[in-house]
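Okay, so here's the structure we're looking at.
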Amino acid sequence: MTKRLLVFVSILMIASMVLSACAQAAAPYTCTDSIGCVTIAPTDPIHIAYLLVVAGPNAALGTDSRNGVEIAIDDAGGKILGHTIKFDGEDSGCSAEGGVAGATKLAADPTIVGVIGTSCSSEARAALPLLSKAGFVMLSSSNTAPSLTTPGSSDNYGTAYDRTAHNDNFQGTAAAEFAFTVLKITKVATIHDGSLYADELVKVFGAKFTAYGGAITTATSVDPNQADMSSVLADVAAGSPQLIYFPIFMPAGALIVKQAKTTPGLEHTYLMGADGLFSPDVASGAGSDIEGFLVSSPAVSGDAYTAFLGKYQAKFGTGPINIFHAHAYDAFNILKTAIEKVTVQDADGTLHIPRNALRDAVRNTVSFKGLTGSLTCNETLAQGGIDIKFPGDCSSAGMAVWVYHNVPFEIFKNPEVVWIQGTGVIKEVTPP
Amino acid sequence: MLRTLRQRITITDIFIWIIGLAIAGVVIWGSIRTLEQGRYSAGAWLDLTIKGLALGGVYALIAMGYTMVYGILKMINFAHSEVFMSGPFTAVFVALGLSNSGFLDRQPIIGLLIITLVSAVVSMVIAILLERICYRPLRNAPRLVPLITAIGASFFLQYVFRGFYGSGSKGYPTINILKGSWHIFGIEVFKIQIIVIASAIVMMLTLYAIVQWTKIGKAMRSVSEDKEAAELMGIDVDRVIVFTFAIGGASAGVAGILYVLLFPVVNFYMGFFPGIKAFTAAVLGGIGNVPGAFLGSIILGLLESVGPNLFLTGLNIPSPSQLKDAIAFVVLVLILIFRPTGILGERIAQDKA
Chain H
773 MTKRLLVFVS
783 ILMIASMVLS
793 ACAQAAAPYT
803 CTDSIGCVTI
813 APTDPIHIAY
823 LLVVAGPNAA
833 LGTDSRNGVE
843 IAIDDAGGKI
853 LGHTIKFDGE
863 DSGCSAEGGV
873 AGATKLAADP
883 TIVGVIGTSC
893 SSEARAALPL
903 LSKAGFVMLS
913 SSNTAPSLTT
923 PGSSDNYGTA
933 YDRTAHNDNF
943 QGTAAAEFAF
953 TVLKITKVAT
963 IHDGSLYADE
973 LVKVFGAKFT
983 AYGGAITTAT
993 SVDPNQADMS
1003 SVLADVAAGS
1013 PQLIYFPIFM
1023 PAGALIVKQA
1033 KTTPGLEHTY
1043 LMGADGLFSP
1053 DVASGAGSDI
1063 EGFLVSSPAV
1073 SGDAYTAFLG
1083 KYQAKFGTGP
1093 INIFHAHAYD
1103 AFNILKTAIE
1113 KVTVQDADGT
1123 LHIPRNALRD
1133 AVRNTVSFKG
1143 LTGSLTCNET
1153 LAQGGIDIKF
1163 PGDCSSAGMA
1173 VWVYHNVPFE
1183 IFKNPEVVWI
1193 QGTGVIKEVT
1203 PP
Chain F
80 MLRTLRQRIT
90 ITDIFIWIIG
100 LAIAGVVIWG
110 SIRTLEQGRY
120 SAGAWLDLTI
130 KGLALGGVYA
140 LIAMGYTMVY
150 GILKMINFAH
160 SEVFMSGPFT
170 AVFVALGLSN
180 SGFLDRQPII
190 GLLIITLVSA
200 VVSMVIAILL
210 ERICYRPLRN
220 APRLVPLITA
230 IGASFFLQYV
240 FRGFYGSGSK
250 GYPTINILKG
260 SWHIFGIEVF
270 KIQIIVIASA
280 IVMMLTLYAI
290 VQWTKIGKAM
300 RSVSEDKEAA
310 ELMGIDVDRV
320 IVFTFAIGGA
330 SAGVAGILYV
340 LLFPVVNFYM
350 GFFPGIKAFT
360 AAVLGGIGNV
370 PGAFLGSIIL
380 GLLESVGPNL
390 FLTGLNIPSP
400 SQLKDAIAFV
410 VLVLILIFRP
420 TGILGERIAQ
430 DKA
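As structure tokens, then:
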């Protein structure tokens, strides 16, 4: 009796083993990706996260990008490959600490396929080691520090990171081109504030401007919290420049605008900043002396963009609150296209997304038609001996110069665009 | 004779003298080199000097709060920089309101007086609350206790105001009648600087008159000399102390408005540097001494404004203006080495000893 039972159990066991082996052999997908795959069950959503500054003093920057992504999701019908899109994320505070805190939370969630972020370059530098290790692909709409994509840089995490915003090398050369060819001036003084951003910009600006044949009369710096600019401006005025280029931040930027007007020798000097000074704070901080203050920042135009603005207004009840919404829209769509390209779909609707293949697909984006122009993510471009674009920098168009007027800040109206690189002068600049 | 001299002069003294002489040498050499280069015109030097005087005037009004409180309580009120910040940071809303309604263009003088009054009252109230809540319960505690409390109160106030008004910067509106310049004896001077210097001098004279010639001023001086004796003579010490904080606060509030006329951006940490500079100025002039605070502030303002360009340009040091704080504090160290009581601080120091 016992023997018979034993035989029966043995047969059952063998049968079950054979059957399970058959089932394994029938599996349609094996993950061979070097850093793993995300598997999404037929009814589960595709999870895309953001790591943007959506709270605190710089909230407008990240919120605007998030709004851009939300419109892109609406335009996609809320779905990728028939799966709904789950879009949530963390505030990154525009600081390295905020970047680490947000990235730590995101890295712990294995359902995340890609991350839209960060807003500020300092966050990216802190967050990338964590997000890269977690296997995500990250696309930023507003990081501009060149080191994030410069080959060989310790901040370069290869295909884990791409951005749709311009590289500061690109912004610096565009500013120099505007100063030399449009304003037709030859003497410029530069001021930086010790930040990586400003330091890189004045370096690139100086290199390009001297390559044109212009001269840098004074290259100096200020402390970001300094209020009294009289001694630095006296130093600058001694070289009698025709333009002062200070790509710094608030409040020092507004204080220089204000005090330059009361420095002998600088009453008729052009003042120019960069996108760090493209904000409502600047307009209110410098009062009526803001009139004629120039800043470089991207400009986006075209029919698709006009349609986008209508959707923005309808969805959020306001116009854009910053300048990187279209870049975020494009970043999401590049990610979506890459997901569609690499995903393996089972008959029952289960999705398998190989992570490294996804990174490669994003990096190999070529001539992608976005709101901000044609985007190619895997090329190096040089202009006058300066590399303005590295692999990972997708954008190479749309840098513009804007001028402030003595009226309240309103996006696209004050400051208003005066020149677009490649397009030419939109509006004559009144000399100060 | 030689032996007594040798006993009196230690190695440390000689070392300090050498450092002092070396710094003085660098300053003189740098200045000569700068003037030889001729990089700056006479007009530029004059402009820097006037800006330095205006800055010094603002420091003087802030320094009053430090020096009067020190004179009476023998404590350094480190939260005074936040008393200074609270006024203009609150008054910016009044200023923007007046500007948006067009009142500031039509009645600029009345508008400015209203803004100044709001700033002075807010700073005064904060100073009085500070005394009542933070310092009075600790009046008989060891001297380190109120000092640490002051630092804590300083952070508390900074973050309370950050919570109230946000962490961004806000700009003061431009007042049109203050734009442009006047010609005084053939020299072009910007209106704002003249107004700041004149207002600072008027405020200083008023404060000096209060301390010297009024009844409450007499009471302040007597409390400063000997608190117990003053109490025995029927002086209400609490009242005198509150009054001291009140006028120190009000003067900081007025200083705040003069400061934003020069540098029209306010934020919650704007008080830190001016506060520390004004404290330095008070020590430079001799802390506890009202004319000393004024003198120290003017010297510090001038050094900060003219110093970097004069001393450092000739030495080919890049971006000299970033070293203006270093210059200010080196001078402070030198003064403390060679004259530890400050420039006018002799009498007070003897009282303390």
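For the protein sequence lines, the chains are H and F, in the order given.
Going by our numbering, the first residue of the first sequence is number 773, and it counts up by one from there.
Going by our numbering, the first residue of the second sequence is number 80, and it counts up by one from there.
Even for Gly, the Cβ is constructed at its ideal location relative to N, Cα and C.
These numbers come from a predicted model, not from an experiment.
- Proximity of F/Ala-103 to chain H, defined by a Cβ-Cβ separation below 8 Å, is not satisfied.
- Collapsing the DSSP output to three states places H/His-1040 in coil.
- The C-beta of H/Leu-1027 comes closer than 8 Å to at least one C-beta of chain F.
- The beta carbon of H/Glu-1188 lies closer than 8 Å to those of Trp-1174, Val-1175, His-1177 and Lys-1199 in the same chain, with the five residues before and after it left out.
- By the CB criterion at 8 Å, H/Ile-818 and H/Ile-812 fall inside the cutoff.
- Check the Cα spacing between H/Gly-1142 and each of H/Ser-782, H/Ala-1079 and H/Ile-1183: the tightest is with H/Ala-1079.
- Under the Cβ criterion (8 Å, minimum of three pairs), the stretch 844-851 of chain H does not count as touching the stretch 898-912 of chain H.
- Looking at the DSSP output, H/Cys-809 sits in a beta bridge with H/Pro-1126.
- The beta strand (DSSP E) runs of length 3 or more contained entirely in the stretch 832-884 of chain H are, from start to end of the chain, 855-863.
- Scanning its chain for C-beta atoms nearer than 8 Å, with the 5 sequence neighbours on each side dropped, one finds around F/Met-312 the residues Ser-301, in chain order.
- Taking 8 Å as the cut-off, the beta carbon of F/Val-339 is found no closer than this to the beta carbon of F/Thr-195.
- A residue is called buried once 16 or more other Cβ atoms fall within 10 Å of its Cβ, and F/Glu-115, having fewer, is exposed.
- Between the stretch 881-891 of chain H and the stretch 927-935 of chain H, the count of C-beta pairs closer than 8 Å stays below three; the two stretches do not touch.
- Against H/Val-872, chain F offers no close residue; the least beta-carbon distance is about 20 Å (beta-carbon pairs closer than 7 Å).
- Taking 8 Å as the CB threshold, F/Gln-401 lines the interface with chain H.
- Non-local beta-carbon contacts of F/Leu-226 in its own chain, meaning distances under 8 Å to residues more than five positions away in sequence, involve Met-154, Ile-155 and Phe-157 in chain order.
- Taking a C-beta distance under 8 Å as the contact criterion, F/Tyr-251 and F/Pro-343 qualify as a contact pair.
- Within the same chain, Cβ atoms closer than 7 Å to the Cβ of H/Val-1029 are found at Leu-1043, Ala-1058, Asp-1061, Ile-1062 and Phe-1065, the five residues on either side in sequence being excluded.
- In this chain, F/Ala-298 is not harboured by any beta strand (DSSP E); it is covered by the alpha helix (DSSP H) spanning 294-304.
- The criterion of a C-beta distance shorter than 8 Å is not satisfied by H/Phe-1018 and H/Met-1171.
- Counting only the Cα atoms, F/Asn-255 lies some 25 Å from F/Gly-122.
- Check the Cα spacing between F/Leu-423 and each of F/Gly-371, F/Tyr-238, F/Phe-243 and F/Ala-199: the tightest is with F/Gly-371.
- Within chain H, the residues whose beta carbon sits less than 9 Å from that of F/Ser-384 are Asp-1000, Ser-1002, Ser-1003 and Ala-1006, listed in sequence order.
- Sequence-distant partners of H/Ser-806 (beyond 5 residues in either direction) whose C-beta falls short of 8 Å from its own C-beta, in its chain, are Asn-1128.
- Apart from the 5 residues on each side of it in sequence, H/Leu-1049 sits with its Cβ closer than 6 Å to the Cβ of Gly-1025 and Val-1067 in its chain, given in chain order.
- Relative to the Cα of H/Ala-1098, the nearest Cα in the group H/Gly-808, H/Thr-1202, H/Arg-838 and H/Tyr-822 belongs to H/Arg-838.
- Residues of chain F whose Cβ lies closer than 9 Å to the Cβ of H/Thr-992 are, in chain order, Pro-397, Ser-398, Pro-399, Ser-400 and Gln-401.
- Residues of chain F whose Cβ lies closer than 7 Å to the Cβ of H/Ser-1060 are, in chain order, Thr-253.
- Between F/Gly-242 and chain H, the shortest Cβ-Cβ separation is not below 8 Å.
- Within 7 Å of the CB of H/Met-1022, the CB atoms of chain F belong to Ser-248, in sequence order along the chain.
- Under a criterion of Cβ atoms nearer than 9 Å, the residues of chain H adjacent to F/Gly-122 are, in order, Pro-1036 and Gly-1037.
- In the three-state reduction of the DSSP assignment, F/Arg-318 falls in the helix class.
- Judged by DSSP secondary structure, H/Arg-935 falls within the beta strand (DSSP E) whose first and last residues are 933-935.
- Of the candidates F/Ser-384, F/Leu-192 and F/Phe-94, the residue whose Cα lies closest to the Cα of F/Ser-278 is F/Leu-192.
- Listed in chain order, the beta strand (DSSP E) elements of length 3 or more contained wholly in the stretch 371-414 of chain F amount to none.
- Boundaries around H/Leu-902 are those of the alpha helix (DSSP H), 893-905, since no beta strand (DSSP E) includes it.
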